[in-house]
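In our numbering, the protein residues as written are 20 to 337.
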């Protein structure tokens with residue numbers, strides 16, 4: 020398999036959906052907690068990127084195996100296995116290697132941090148596997164948007180922060196007199212939710228846009244996704260108003276002291292986001308408008324990331 024074919028199979032262009040929450044969490048940690056551990060960041064980067072690519076490869080492989088409709092854009096062009104005539108054995112070996120790299124680097128991250136890193140990462144790993152595998156993969160159910168949004172949006176951001184601040188004890192447990200005592204810093208969890216909300220919605224809506232574009236093929240291929248269950252109009256309404264909830268949460272984040280005051284500048288993205296939403300409402304296809312969901316995600320999340328970077332750099336001189 021050539022490098023270009025591998026990158027198409029792993030859909031490397033979509034990895035921004037996992038990398039952006041990682042960097043948002045990292046720079047939020049630098050801004051809010053003034054902490055950063057380079058080794059922890061590197062191990063999480065390798066594990067996350069490898070696992071994200073493995074999930075995509077497995078999803079493409081499962082779609083290839085289970086496809087009822089074997090013609091059209093979704094099968095002949097979008098699926099790299101068909102487009103590049105890749106051997107199934109090569110795809111399976113690629114998947115195994117990616118999973119091994121993800122597991123090994125993830126285990127090393129646990130060794131250098133805390134057992135909770137292993138448990139949370141393991142839970143996310145399990146969801147990622149169930150997302151594509153099993154008798155009824157999550158991606159083929161109405162829960163795909165919710166799982167992808169929260170696992171990639173919230174838990175990636177959470178771990179990106181947690182691996183640097185383990186010593187602060189935001190989450191901890193102890194055994195005492197045969198009892199398990201769990202300590203949870205709710206303030207920490209809520210602040211991470213505020214920071215990660217744009218990623219949760221942005222990633223969830225990428226999945227929703229994908230399913231809206233594929234409604235006809237999903238019906239033919241027995242994929243009963245959220246738009247199939249609630250209908251196109253309700254799905255488009257959810258697509259629209261969930262985006263606007265981002266700005267409400269950002270305001271809460273700024274006025275609660277979680278995000279810098281410059282976070283208000285993200286409100287300036289509303290006109291362009293609204294333009295993209297209107298364009299997507301008119302037509303929902305992979306070739307014409309799916310990219311608008313990715314643009315919306317990048318528009319809001321990269322704006323927030325840049326603000327966190329600038330705010331951190333400014334704090335160095337104050």
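Just so you know, even glycine gets a beta-carbon here, dropped at the ideal spot from N, CA and C.
Fair warning: this is a prediction, and the values are worked out from it, not measured in the lab.
Counterpart residues of residue i in DSSP-defined beta bridges
i: residue 29; result: According to DSSP, which records beta bridges pairwise, residue 29 is partnered with nothing at all.
i: residue 202; result: 191
Closest Cα partner of residue i within the set the options
i: residue 222; options: 52, 126, 172, 250; result: 172
i: residue 261; options: 73, 304, 299, 217; result: 217
i: residue 164; options: 330, 243, 334; result: 243
i: residue 289; options: 302, 278, 322; result: 322
i: residue 211; options: 178, 258, 282; result: 178
i: residue 69; options: 297, 30, 154; result: 30
i: residue 52; options: 272, 268, 181; result: 181
i: residue 263; options: 247, 286, 277, 275; result: 286
i: residue 112; options: 145, 60, 73; result: 73
i: residue 209; options: 154, 271, 251, 56; result: 271
i: residue 301; options: 63, 246, 236, 251; result: 251
i: residue 279; options: 329, 266, 315, 297; result: 329
i: residue 114; options: 138, 137, 78, 58; result: 78
i: residue 84; options: 71, 162, 234, 107; result: 107
i: residue 125; options: 80, 58, 256, 326; result: 58
i: residue 326; options: 277, 309, 122; result: 277
i: residue 162; options: 281, 230, 306, 207; result: 230
i: residue 265; options: 241, 310, 315, 307; result: 315
i: residue 324; options: 26, 34, 298, 45; result: 45
i: residue 142; options: 123, 166, 155, 154; result: 166
i: residue 275; options: 206, 235, 123; result: 206
i: residue 234; options: 298, 309, 80; result: 309
i: residue 140; options: 22, 188, 123; result: 123
i: residue 155; options: 241, 299, 203; result: 241
Whether residue i touches residue j by CB criterion (8 angstroms)
i: residue 312; j: residue 254; result: no
i: residue 47; j: residue 214; result: yes
i: residue 160; j: residue 232; result: no
i: residue 65; j: residue 120; result: yes
i: residue 192; j: residue 201; result: yes
i: residue 100; j: residue 28; result: yes
i: residue 175; j: residue 67; result: yes
i: residue 247; j: residue 237; result: yes
i: residue 283; j: residue 268; result: no
i: residue 49; j: residue 55; result: yes
i: residue 137; j: residue 190; result: no
i: residue 37; j: residue 71; result: yes
i: residue 32; j: residue 105; result: no
i: residue 109; j: residue 20; result: yes
i: residue 296; j: residue 256; result: no
The ligand SAM heavy atom lying under 7 angstroms from the CB of residue i
i: residue 229; result: Annotation note on the ligand SAM: not contained in the displayed structure, which lists no ligands.
Practice task
Give a yes or no on contact between the region 39 to 52 and the region 123 to 133, applying the rule of three or more CB pairs nearer than 8 angstroms.
Solution key: The region 39 to 52 vs the region 123 to 133: no contact.
Exercise for the section: Could you name each continuous alpha helix (DSSP H) segment of 4 residues or more that falls completely within the region 120 to 162, going from the start of the chain to the end? Expected result: 134 to 151
Exercise for the section: Mind the definition here: the region 140 to 160 touches the region 194 to 211 only if three or more C-beta pairs lie below 8 angstroms; say whether that holds. Expected result: no
Exercise for the section: Within the region 277 to 327, note down every full alpha helix (DSSP H) run reaching 4 residues or more, in order along the chain. Expected result: You should have 289 to 301.
Practice task
Return the chain-ordered ranges of every alpha helix (DSSP H) run that is complete within the region 43 to 86 and spans a minimum of 4 residues.
Solution key: 57 to 85
Problem - Three CB pairs or more closer than 8 angstroms across the region 327 to 334 and the region 285 to 305 - result: no
Exercise for the section: Decide if the region 311 to 321 is in contact with the region 219 to 237; the criterion is three or more beta carbon pairs, one per stretch, under 8 angstroms apart. Expected result: yes
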